[in-house]
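Just below is one structure, and these are the notes that go with it.
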Amino acid sequence: MTDRRGKIRVGIIFGGRSGEHEVSLVSAQSIMSAIDRDKYDVVPIGITKEGRWLTTGEPMKQLRAALDKTPVALTPSPNPLPEAASQQTRDLIPGTREAGIPVLDVVFPVLHGPYGEDGTVQGLLELANLPYVGSGVLGSALGMDKAAMKAIFRDAGLPTVSALVVLRREWETDPEGVAARMAREIGYPCFVKPANMGSSVGISKVHHPGELAEAMATACAYDRKVLIEMAVEAREIECSVLGNDTPIASILGEIVPKREFYDYTAKYGDEDTELIIPAPLPPETTAAIREMALRAFCALDCAGMARVDFFLDKRTGQVYVNELNTIPGFTPISMYPKLWAASGIPYAELIDRLIQLALERFADKQRTKTSI
Numbered sequence: 007m008t009d010r011r012g013k014i015r016v017g018i019i020f021g022g023r024s025g026e027h028e029v030s031l032v033s034a035q036s037i038m039s040a041i042d043r044d045k046y047d048v049v050p051i052g053i054t055k056e057g058r059w060l061t062t063g064e065p066m067k068q069l070r071a072a073l074d075k076t077p078v079a080l081t082p083s084p085n086p087l088p089e090a091a092s093q094q095t096r097d098l099i100p101g102t103r104e105a106g107i108p109v110l111d112v113v114f115p116v117l118h119g120p121y122g123e124d125g126t127v128q129g130l131l132e133l134a135n136l137p138y139v140g141s142g143v144l145g146s147a148l149g150m151d152k153a154a155m156k157a158i159f160r161d162a163g164l165p166t167v168s169a170l171v172v173l174r175r176e177w178e179t180d181p182e183g184v185a186a187r188m189a190r191e192i193g194y195p196c197f198v199k200p201a202n203m204g205s206s207v208g209i210s211k212v213h214h215p216g217e218l219a220e221a222m223a224t225a226c227a228y229d230r231k232v233l234i235e236m237a238v239e240a241r242e243i244e245c246s247v248l249g250n251d252t253p254i255a256s257i258l259g260e261i262v263p264k265r266e267f268y269d270y271t272a273k274y275g276d277e278d279t280e281l282i283i284p285a286p287l288p289p290e291t292t293a294a295i296r297e298m299a300l301r302a303f304c305a306l307d308c309a310g311m312a313r314v315d316f317f318l319d320k321r322t323g324q325v326y327v328n329e330l331n332t333i334p335g336f337t338p339i340s341m342y343p344k345l346w347a348a349s350g351i352p353y354a355e356l357i358d359r360l361i362q363l364a365l366e367r368f369a370d371k372q373r374t375k376t377s378i
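Every number in my numbering is 6 more than the matching position in the sequence shown, counting from 1.
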């Protein structure tokens, strides 16, 4: 389905209820600025921090001004309903052709963190039978949950840094027991992070036992499940992946933060953070990391895009898979588009490829029987 001018109508969803709301706005603005307007019509769809969906007026401006206008609804149904639209709520379901209501051909979720990158929005889009950019429900959920992700990676034979999973209730009821287990199994220094969060939100480096309680309180504020991970003196290497069943890997990049570790400030507010592309590595190490990135992508059943982050131990040369991000940042300084640009795929072409991959995956899924 395209509009009368033959353009594909793309719904770009941004904002959301997670702690990465502001990062999502910057990513979405970058995509909307770069997308080929001769080929695509863009329908901006903003989600407030309270979870209200907006599409009337200028959603980006409304979110930044914390305004709350007429909400939009995406009905979890693949069939148009007679009462699909009303004066109060505009409906974006496919097939609805009423005045002033945009019909979407494909959706580009640019939602970082919970309630958008974790399979929740992807599940809604599956129910609505809409093509969308990126991984499906399973890949998105696994890519969001660092604890589950590590278990899958280990099962696939991919090396990961030792880590301990602690539930918020476990910490609140027995902090001494958790601290003792952590000291015995992980040791200091270590990183404490929410299992379901990105952009380094809620992460602390703990150097000694006296810092553990504050770090746990910070992580527990963002998730009921916390990961306590062994600290490794390592170089941070990143690889972008693109594709569906036969993905390709970009050249590698290296992050060199001036702060103690690559936290939220280093990612989005510290101009001294150095991004080195390509990463200065021996050819055999580069080839091994790129191959591991593809294995990680396939192990989680990802689709469309992902950025895979690695640790390269400075002492031993051991490579560890740190994590995979199914909706990586698309800001002007984000590694995902930068790595593809350096690999020969400029920003606008990257967006086009991702949309085409979404349509390709959707067409393949329509071949699957849903009844006997």
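C-beta atoms are modelled at their ideal positions from N, C-alpha and C, and glycine is treated no differently.
| message | On the criterion of 16 or more Cβ atoms from any shown chain inside 10 Å, does LEU133 qualify as buried, or is it exposed? | response | Here residue 133 corresponds to residue number 127 of the sequence shown, with the count starting at 1. LEU133 comes out exposed.
| query | With distances taken from CA atoms, which of GLY193, LYS344, ASP307 is nearest GLU167? | reply | Start at 1 with the first residue of the sequence shown, and residue 167 comes out as number 161. What sits at residue 167 in the sequence shown is Val, not Glu. For the residues GLY193, LYS344, ASP307, the minimum Cα distance to VAL167 belongs to GLY193.
| Cβ neighbour criterion (16 or more within 10 Å) applied to GLY149 | Within the sequence shown, the letter at position 143 stands for residue 149. With 16 or more Cβ atoms within 10 Å of its Cβ, GLY149 is classed as buried.
| field | Beta-carbon proximity of ASP42 to ALA354, cut-off 8 Å | value | Walking along the sequence shown from the start, residue 42 turns up at place 36. Walking along the sequence shown from the start, residue 354 turns up at place 348. Contact: yes.
| Excluding the five sequence neighbours on either side, which residues of its own chain have a C-beta within less than 7 Å of the C-beta of LYS13, listed in chain order? | Looking up residue 13 in the sequence shown gives position 7. Short of 7 Å from the beta carbon of LYS13, and not among the five residues preceding or following it, lie these beta carbons of its own chain, in chain order: LYS45, TYR46, ASP47.
| Counting along the chain, where does the alpha helix (DSSP H) carrying MET155 start and finish? | The residue you call residue 155 lines up with position 149 of the sequence shown. That run of the alpha helix (DSSP H) goes 152-161.
| request: With a threshold of 16 other CB atoms inside 10 Å of the CB of THR374, please say whether the residue is buried or exposed. | output: By 1-based counting over the sequence shown, the position of residue 374 is 368. By the 10 Å Cβ count, THR374 comes out exposed.
| request: Drop a sphere of 10 angstroms on the beta-carbon of GLN35, count the other beta-carbons inside from all chains shown, and report buried for 16 or more, exposed for fewer. | output: To locate residue 35, count along the sequence shown from 1; it is residue 29. With 16 or more other Cβ atoms within 10 Å, it is buried.
| message | Which same chain residues end up closer than 7 Å to GLU178 when comparing Cβ atoms and leaving out the 5 residues on each side of it in sequence? | response | The residue you call residue 178 lines up with position 172 of the sequence shown. Cβ neighbours of GLU178 beyond the five flanking positions: none.
| How would you call PHE255, buried or exposed, if buried means at least 16 neighbouring beta carbons within 10 angstroms? | For the purposes of this step, residue 255 is taken as the residue at position 249 of the sequence shown. Sequence check: residue 255 is Ala here, not Phe. ALA255 comes out buried.
| request: Note down the Cα distance separating GLU56 from TYR121, rounded to an integer number of angstroms. | output: By 1-based counting over the sequence shown, the position of residue 56 is 50. By 1-based counting over the sequence shown, the position of residue 121 is 115. Roughly 11 Å separates the two Cα atoms.
| task | Assign SER349 to one of three DSSP states: helix, strand, or coil. | result | Stepping through the sequence shown from its first residue, residue 349 is reached at position 343. If DSSP states are grouped into helix, strand and coil, SER349 belongs with coil.
| query | Are the region 327-336 and the region 303-314 touching by the rule of at least three beta carbon pairs closer than 8 Å? | reply | Taking a cut-off of 8 Å for Cβ pairs, the region 327-336 and the region 303-314 touch, as three or more such pairs fall below it.
| field | Residue(s) in a DSSP beta bridge with ASP47 | value | Translated into positions along the sequence shown, residue 47 becomes position 41. Answer by DSSP bridge pairing, in chain order: ARG15.
| query | On the premise that LYS199 lies in contact with ALA3, defined as a C-beta separation below 8 Å, what is that separation, rounded to the nearest angstrom? | reply | Residue 3 is absent from the structure shown; the chain starts at 7 and stops at 378.
| query | So, helix, strand or coil for GLY310, using DSSP? | reply | Translated into the one-based positions of the sequence shown, residue 310 becomes position 304. Correct three-state label for GLY310: strand.
| message | Am I right that LYS152 and LEU233 are in contact with their C-beta atoms under 8 Å? What's the rounded C-beta distance? | response | If you number the sequence shown from 1, residue 152 lands on position 146. If you number the sequence shown from 1, residue 233 lands on position 227. In this structure, LYS152 and LEU233 form a Cβ contact; the two beta carbons are roughly 5 Å apart against a cut-off of 8 Å.
| message | Less than 7 Å between C-beta atoms, sequence neighbours within five positions excluded: which residues of the same chain meet that for ALA240? | response | Taking the sequence shown and counting its residues from 1, the one referred to as residue 240 is at position 234. Answer for ALA240: PHE317, LEU318, ASP319, LYS320, listed in chain order.
| query | First and last residue of the alpha helix (DSSP H) that includes LEU133? | reply | Translated into positions along the sequence shown, residue 133 becomes position 127. 126-133 is the span of the alpha helix (DSSP H), which, as asked, contains LEU133.
| query | Name the DSSP bridge partner or partners of VAL212? | reply | Locating residue 212 in the sequence shown gives position 206, counting from the first residue. DSSP, once it has assigned bridges, lists CYS196 as partnering VAL212.
| field | Same chain, Cβ closer than 8 Å to VAL16, five either side skipped, listed in chain order | value | Counted from its first residue, the sequence shown places residue 16 at position 10. Excluding positions up to five away in sequence, the list reads ILE41, TYR46, ASP47, VAL48, VAL49, LEU110, ASP111, VAL112, VAL113, PHE114, ILE361.
| query | DSSP state of TYR138, grouped into three classes? | reply | Taking the first residue of the sequence shown as position 1, residue 138 is located at position 132. The DSSP-derived three-state label of TYR138 is strand.
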